[in-house]
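Enquirer: Could you have a look at this structure, given as structure tokens, before my questions?
There are 2 protein chains.
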Amino acid sequence: MSKIISLGIWALGLLLMASQKHSPLLSNIGLSVLAYKATAFFIPRVGAAFIRRGFSGKDMNKVEKRVIPETMGAVSAMVYFMCMILFIPVLFYKYLVPERSRNQQDNPLGVLSDGYTSVAEVQFPHDQLGAYLSAVISILSISLLGIFDDLFDIRWRHKFFLPAIAAIPLLVVYYVDYGVTYVSVPTLLRPFFQRTVVDLGFLYYIYMAAVAIFCPNSINIIAGVNGVEAGQSFVIGLVVLCNDLIYVFHPSNPEAVRAHLLSIYLILPLLGVTAGLLKYNWWPSRVFVGDTFCYFAGMVLAVVGILGHFSKTLMLFFIPQIFNFILSVPQLFGFVECPRHRLPRLNVKTGLLENSYTVFTEGVPLPTKTLLTIRVFEAFRLIRVDWDHKTKRPTRCTNFTIINFVLYHFGPMREDHLTLCIMGIQLAVGLFGLIIRHGFAPLVYPQDNI
Amino acid sequence: MSKIISLGIWALGLLLMASQKHSPLLSNIGLSVLAYKATAFFIPRVGAAFIRRGFSGKDMNKVEKRVIPETMGAVSAMVYFMCMILFIPVLFYKYLVPERSRNQQDNPLGVLSDGYTSVAEVQFPHDQLGAYLSAVISILSISLLGIFDDLFDIRWRHKFFLPAIAAIPLLVVYYVDYGVTYVSVPTLLRPFFQRTVVDLGFLYYIYMAAVAIFCPNSINIIAGVNGVEAGQSFVIGLVVLCNDLIYVFHPSNPEAVRAHLLSIYLILPLLGVTAGLLKYNWWPSRVFVGDTFCYFAGMVLAVVGILGHFSKTLMLFFIPQIFNFILSVPQLFGFVECPRHRLPRLNVKTGLLENSYTVFTEGVPLPTKTLLTIRVFEAFRLIRVDWDHKTKRPTRCTNFTIINFVLYHFGPMREDHLTLCIMGIQLAVGLFGLIIRHGFAPLVYPQDNI
């Protein structure tokens, strides 16, 4: 029975994929279904080869610490890359195939491809191809960086700026095709700036490069729990998709529809390959995703935000990651001691995950900056601190991550519930971001700044 | 002293690189010098890490069979990729920087950038960016395939068609921007075809995809001798460069100049990274290049041939590889038994490399197809066969590769002399190809088929 369903899904995917005469969107949906099936097909088949070549890790949060394949994100990234390449002829089908006998009116979903229809019926849209190819390069090169990182554990300072270099083709395309570097000033602040827009100029490119650095890394540091890397990426992808659909179904101008259609074409296959990966990465994990997946998924989201001109809205969807980053600052920059692993600890008796702690060795004096940080973070209820009431000295505190923050506030829970909890927060924040962007932004910004 | 020279080269490279206001060509030369230095800088520094991750191999043609790092082509490919990305803003500098105060007349090399100047001074050349980005994608993805092949030893049938998929963006760009699918008919054959050109249509795309499959693989199968993979790539690169320079200095039409300038921009950094690799891969090798390098270098050459519209001329430069492929057919397709290694054998006493043989076990009857193949190949002096005069049966024959062919005709030689010999043949064939193309083609084809 499950075989028949599986075959049915393959067939449906192929059928939709082959429907490019009707709409690139339908084809893209089909391609994404195939991407899911292909990822789920390859992962169990290549796992053993990955372990043989040393791509493996111990699952620390299990009683029996099994060794399972790591870097399975490479499979997702490769399947995604193949989809991107195969989609090129589909996306530009109507420019490539000379006969124009298709009747656009026959096709109920034709309206969705309007952005691509209205621009130029005769001339090939080189700018769109350029944007698409630059996206592929950025995503492919960051996946490669991920693979090298999984292979060689590249030092933090050696790899930090590489995503910005990978984003150069993207920034060139942005500069050439849009070049919009001004941001609208909220109504409240306009008296101070005495203008409605502020042109950030070159700074805006620095900002976009920073987005390209931030997204991959921020997904990479919420890790260590089965399914959490792929889970958060999946939810952000869903929220981005909702945002795109709002633009496509309430078209304001063809340029915006086109940008958000491109975003959809990049996001749907990401959802496909991420779902395929989650099938094996979900608790109890049979594979790990590796840095490769985090970099890859983060870069797809960054690329989509930059090319779709909603990199500021995208940051609303990354609030949990930003929160986690700010929370991590004291341990990343040495204000508070940083243990080698900050992932939660399994309580073998209950089978639940509990907070992990940074323990302060008795007798060793604590610097003022550490004490101050701990007091401030405790006051905001970001960490739990155990105090020695006699010496008025902290004995230990929970680690500075969003995962420990969740465990502190919601109590110990099973590993998959923890992942679901993080995904739930991500979804809530994303929906909140959508409301802010589409509900309240018009109040703050009288004209929509698409 | 050598430190000062080295610093001087770095400085020269940086200086030229920074000269993009004058000519992208000068910048590209500078970039290629930097590519050489960077490759030579990184290779000795990452070797140990590569060995730790299992990228290593035994040097079979040495008395002490030392284990040295393998897959060092990955360093070349990564440096090359970085160059390609960093060159984007340089190549399109004049479209990106608004002030147009530069005086083209001041610049003696300005004529070289003519192809890029004449097209459009005002509008950004999206078609050129598209072509460039598609080249980067093809090269990057094939390098990735090489890395996966070095990691997992992918089966022949699984990887055979992948270069054709990697070439899809290239073929789309070719289709959109040039779409030239006809070939000129030589004067002699015109009475038979009754026309001057034959349009191959879709078949021409199949042909280009075949070029993308052939070039990487054909370089990969002339291997097993220190420096021979990088050496042949370097020589083909040089010959392609000569071909480009002929077009650029005898401009026939701006379109051809532009195509061959693009080819130069892609070839020069290839020569740089290949030279940097050869420094360590030359006999006695301290590193191996891996499949990664062969795929990468072969794909750069294929890309250059396709985008520069000289894929047919390119095949003239690949005659040694074509010869080697045809020679290999009997062993690849099982007409003659194929031993696991076909590389030459070291004679420990003389220190020279000698032919390796396929030995026919006594008593086992040989199929007619094997006997026939051996007789034909022996008649053309392609292999040496030892016969048992009593039974009229072959006892052994040299292996069916160009390397064994050279050793058969020129006798045993030291490993580096063998590599030099192959490189010399490659160079002679290349120069012969240039003469054919530029000296005789006008006789055979009355009008030049650029």
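Protein sequences appear in the order of chains A and B. All residue numbers for the first sequence refer to the numbering used here, where the first residue is 1 and numbers rise by one. All residue numbers for the second sequence refer to the numbering used here, where the first residue is 1 and numbers rise by one. Ideal placement from N, C-alpha and C gives every residue a C-beta, glycine not left out. Only a predicted model underlies this, so the values are computations on that prediction, with no experimental measurement involved.
State yes or no: is the beta carbon of S101/B nearer than 8 Å to at least one beta carbon in chain A?
Expert: Translated into positions along the second sequence, residue 101/B becomes position 101. Unreliable placement is indicated for S101/B, whose pLDDT of 39 sits below 50; no coordinate value is reported for it.
Enquirer: Where does V136/B land, buried or exposed, given buried means 16+ other C-beta within 10 angstroms?
Expert: One-based indexing of the second sequence puts residue 136/B at position 136. Classification of V136/B: buried, given that the 10 Å Cβ count is 16 or more.
Enquirer: Based on Cα-Cα distance, which residue from L431/B, S134/B, Y36/B lies nearest to M240/B?
Expert: Here residue 240/B is taken as the residue at index 240 of the second sequence, counted from 1. The sequence shown places Val at residue 240/B, rather than the Met named in the question. For V240/B, the nearest C-alpha among the options comes from L431/B.
Enquirer: Give the residues of chain B in contact with D127/A, contact being defined as C-beta atoms less than 7 Å apart.
Expert: On the first sequence, residue 127/A is found 127 positions in, with the first residue counted as 1. Chain-ordered, the chain B residues with CB closer than 7 Å to the CB of D127/A read H126.
Enquirer: Which residues does DSSP pair with E354/B in a beta bridge?
Expert: By 1-based counting over the second sequence, the position of residue 354/B is 354. In the DSSP output, where bridge partners are listed per residue, E354/B has R345/B.
Enquirer: Tell me, which residues are paired with W387/B by DSSP?
Expert: Walking along the second sequence from the start, residue 387/B turns up at place 387. Answer by DSSP bridge pairing, in chain order: P394/B.
Enquirer: Rounding to the nearest angstrom, what Cα-Cα distance links V180/A and K312/B in this structure?
Expert: Here the question's residue 180/A lines up with position 180 in the first sequence. Here the question's residue 312/B lines up with position 312 in the second sequence. In a straight line, the C-alpha of V180/A is about 44 Å away from that of K312/B.
Enquirer: Report the residue from T368/B, T196/B, M413/B whose alpha carbon sits nearest the alpha carbon of R345/B.
Expert: Numbered from 1 along the second sequence, position 345 holds the residue referred to as residue 345/B. Checking every option, the nearest Cα to that of R345/B belongs to M413/B.
Enquirer: Which residues in the same chain have their Cβ closer than 7 Å to the Cβ of R286/A, if we skip the five residues on either side of it in sequence?
Expert: In the first sequence, the residue the question calls residue 286/A occupies position 286. Taken in chain order, the residues that qualify are I68, Y280.
Enquirer: Whole angstroms are fine: how far does the CA of H250/A sit from the CA of V257/A?
Expert: As a working mapping, residue 257/A is identified with position 257 in the first sequence. As a working mapping, residue 250/A is identified with position 250 in the first sequence. Cα to Cα, the separation comes out at about 9 Å.
Enquirer: Beta carbon of S134/A, beta carbon of L133/B: below 8 Å?
Expert: Along the first sequence, read from residue 1 onward, the residue named residue 134/A stands at position 134. Along the second sequence, read from residue 1 onward, the residue named residue 133/B stands at position 133. Contact: yes.
Enquirer: My output table needs one value for Y178/B: the three-state DSSP class, helix, strand or coil.
Expert: Taking the second sequence and counting its residues from 1, the one referred to as residue 178/B is at position 178. Note: Y178/B maps to coil in three-state DSSP.
Enquirer: Ends of the beta strand (DSSP E) at D199/A?
Expert: Against the first sequence, residue 199/A aligns to sequence position 199. Where D199/A is concerned, the enclosing beta strand (DSSP E) stretches over 197-199.
Enquirer: Classify H126/A as buried or exposed, calling it buried when 16 or more other Cβ atoms lie within 10 Å of its own Cβ.
Expert: Looking up residue 126/A in the first sequence gives position 126. Answer is buried; the Cβ neighbour count reaches 16.
Enquirer: Is the beta carbon of L129/B sitting closer than 8 Å to the one on F92/B?
Expert: Residue numbering aside, residue 129/B sits at position 129 when the second sequence is read from its first letter. Residue numbering aside, residue 92/B sits at position 92 when the second sequence is read from its first letter. Yes, Cβ-Cβ distance for L129/B and F92/B is below 8 Å.
Enquirer: Y207/A to V329/A, Cα distance in whole Å?
Expert: The residue you call residue 207/A lines up with position 207 of the first sequence. The residue you call residue 329/A lines up with position 329 of the first sequence. C-alpha separation (whole angstroms): 20 Å.
Enquirer: What residue ranges within the segment 7-72 of chain A form continuous beta strand (DSSP E) runs of no fewer than 3 residues, ordered along the chain?
Expert: 56-58, 67-69
Enquirer: Given V63/A, which residues of its chain have a CB within under 7 Å of its CB, disregarding the five upstream and five downstream residues?
Expert: Position 63 of the first sequence, counted from the start, is the residue given in the question as residue 63/A. Scanning its chain for C-beta atoms nearer than 7 Å, with the 5 sequence neighbours on each side dropped, one finds around V63/A the residues V348, in chain order.
Enquirer: I need the straight-line Cα distance from G237/A to L301/A, nearest angstrom please.
Expert: Start at 1 with the first residue of the first sequence, and residue 237/A comes out as number 237. Start at 1 with the first residue of the first sequence, and residue 301/A comes out as number 301. Going from the Cα of G237/A to the Cα of L301/A covers about 7 Å.
Enquirer: Please name the residue, chosen from V429/A, L371/A, L353/A, that lies closest to L407/A on a Cα-to-Cα basis.
Expert: Position 407 of the first sequence, counted from the first residue, corresponds to residue 407/A. Ranking V429/A, L371/A, L353/A by Cα distance to L407/A puts L353/A first.
Enquirer: Identify the contact partners of F92/B in chain A, using a Cβ-Cβ distance below 9 Å as the criterion.
Expert: For the purposes of this step, residue 92/B is identified with residue 92 of the second sequence, where counting begins at 1. Per Cβ cutoff of 9 Å: V172, V176.
Enquirer: Just reading off the alpha helix (DSSP H) that P163/B is part of, what are its end residues?
Expert: If you number the second sequence from 1, residue 163/B lands on position 163. Its alpha helix (DSSP H) spans residues 162-166.
Enquirer: Inspect the CB distances between the segment 286-295 of chain A and the segment 173-192 of chain A and report whether three or more fall short of 8 Å.
Expert: no
Enquirer: Quick one: Cα of I319/B to Cα of A297/A, how far?
Expert: The sequence position of residue 319/B within the second sequence is 319, counting from 1. The sequence position of residue 297/A within the first sequence is 297, counting from 1. Whole-angstrom Cα-Cα distance: 44 Å.
Enquirer: With a threshold of 8 Å between beta-carbons, can L268/A be considered close to chain B, or not?
Expert: For the purposes of this step, residue 268/A is identified with residue 268 of the first sequence, where counting begins at 1. Chain B contact via Cβ: absent.
Enquirer: Within 10 angstroms of its Cβ, does G8/A collect 16 or more other Cβ (buried), or is it exposed?
Expert: Your numbering for residue 8/A matches position 8 in the first sequence. So G8/A ends up on the exposed side.
Enquirer: Any C-beta of chain A sitting closer than 8 Å to the C-beta of V136/B?
Expert: Here residue 136/B corresponds to residue number 136 of the second sequence, with the count starting at 1. So yes, V136/B belongs to the interface.
Enquirer: Does DSSP classify M208/B as helix, strand or coil?
Expert: For the purposes of this step, residue 208/B is taken as residue 208 along the second sequence, with counting starting at 1. In the structure shown, M208/B sits in a helix (DSSP, three-state: H, G or I).
Enquirer: Any beta carbon of chain A sitting closer than 8 Å to that of R381/B?
Expert: Mapped onto the second sequence, residue 381/B falls at position 381. The beta carbon of R381/B sits no closer than 8 Å to any beta carbon of chain A.
Enquirer: Ordered along the chain, which non-local residues of its own chain (more than five positions away) have a Cβ less than 8 Å from that of M299/B?
Expert: One-based indexing of the second sequence puts residue 299/B at position 299. Closer than 8 Å at Cβ, skipping near neighbours: S138, I139, I142, S143, P163, A166, A212, C215, P216.
Enquirer: Can you find a C-beta in chain B that's less than 8 Å from the C-beta of L261/A?
Expert: Here residue 261/A is taken as the residue at index 261 of the first sequence, counted from 1. No, no contact with chain B.
Enquirer: With C-beta atoms as the reference, is I422/A less than 8 Å away from G231/A?
Expert: Numbered from 1 along the first sequence, position 422 holds the residue referred to as residue 422/A. Numbered from 1 along the first sequence, position 231 holds the residue referred to as residue 231/A. Yes, the pair counts as a contact, with Cβ atoms nearer than the cut-off.
Enquirer: If the cut is a Cβ gap below 8 Å, which residues of chain A does P89/B touch?
Expert: As a first step, residue 89/B is located in the second sequence; it is residue number 89 there, counting from the start. Counting only Cβ-Cβ distances below 8 Å, P89/B has contacts in chain A at I168, V172, in chain order.
Enquirer: Against chain A, does Y116/B count as a neighbour if the rule is that its beta carbon must be under 8 Å from one of theirs?
Expert: The residue given as residue 116/B occupies position 116 in the second sequence. Summary for Y116/B: the model assigns pLDDT 41, below 50, so the residue's position carries little reliability; its value from the coordinates is reported in the next sentence. Closer than 8 Å: no.
Enquirer: Exposed or buried, which one is F377/B when buried takes at least 16 other CB atoms within 10 Å?
Expert: By 1-based counting over the second sequence, the position of residue 377/B is 377. Buried: at least 16 other Cβ atoms inside 10 Å.
Enquirer: Determine the direct distance from the alpha carbon of N324/B to that of V79/B, and round the result to whole angstroms.
Expert: Numbered from its first residue, the second sequence carries residue 79/B at position 79. Numbered from its first residue, the second sequence carries residue 324/B at position 324. In a straight line, the C-alpha of V79/B is about 30 Å away from that of N324/B.
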